[in-house]
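Okay, so here's the structure we're looking at.
In the working numbering, the protein residues as written are 24 to 195.
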């Protein structure tokens, strides 16, 4: 399987429930972009729209926009009076709202309004009860799309490592 790396952005809001010094549950709502742009004119062999038994080369882009809901229990450890380290892991539900296809109108189309399930896990640090820093790993269990070449089936999944920074409105 081929892996690729790209920079993207993620913007969101979070709220903490059952908040205690050692534990809470963070509910997070994000808008994010995943995947890669087709800057190199990548084409794949796919069924022809007019003759499904024939295969033709079609342009493809793997860049998708999502609204993501994450429910992440956090286990907190106080390092000193100004720093709290926490570990988190939990489910995520990504709702695909759009995809960026090639400028070629013959490019492959992927349906929007698809829900993808997965999990998120990572480590974070709360500084002065104000700034949140997180290193997060996200993995999707459901595939973005499936392409068949004869007897072979290829599934595309999203996996991400993310560095996030947040500001708590409790202390502002």
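Think of the CB as a built atom: it goes at the ideal place given N, C-alpha and C, for glycine as much as any other residue.
* To do: Report the three-state DSSP secondary structure of residue 37 (helix, strand or coil).
  => DSSP places residue 37 in strand when its eight states are reduced to three.
* Asked: Can we say the segment 176-190 touches the segment 138-157, given the rule of at least three CB pairs closer than 8 Å?
  -> yes
* Asked: Is the distance from the Cβ of residue 196 to the Cβ of residue 49 below 8 Å?
  -> Residue 196 lies beyond the residue range present for the chain, which begins at 24 and ends at 195; the question has no answer from this structure.
* Asked: Taking 8 Å as the CB-CB limit, is residue 116 close to chain B?
  -> The structure shown contains no chain B; it is built from a single protein chain.
* Quick one: what's got a C-beta closer than 7 Å to residue 41's C-beta in the same chain, skipping five residues either side? -> Sequence-distant partners of residue 41 (beyond 5 residues in either direction) whose C-beta falls short of 7 Å from its own C-beta, in its chain, are 47, 48.
* **For residue 146, three-class secondary structure by DSSP** => strand
* DSSP-derived helix/strand/coil call for residue 165 -> coil
* Asked: What number of angstroms, rounded off, separates the C-alpha of residue 169 from the C-alpha of residue 38?
  -> 35 Å
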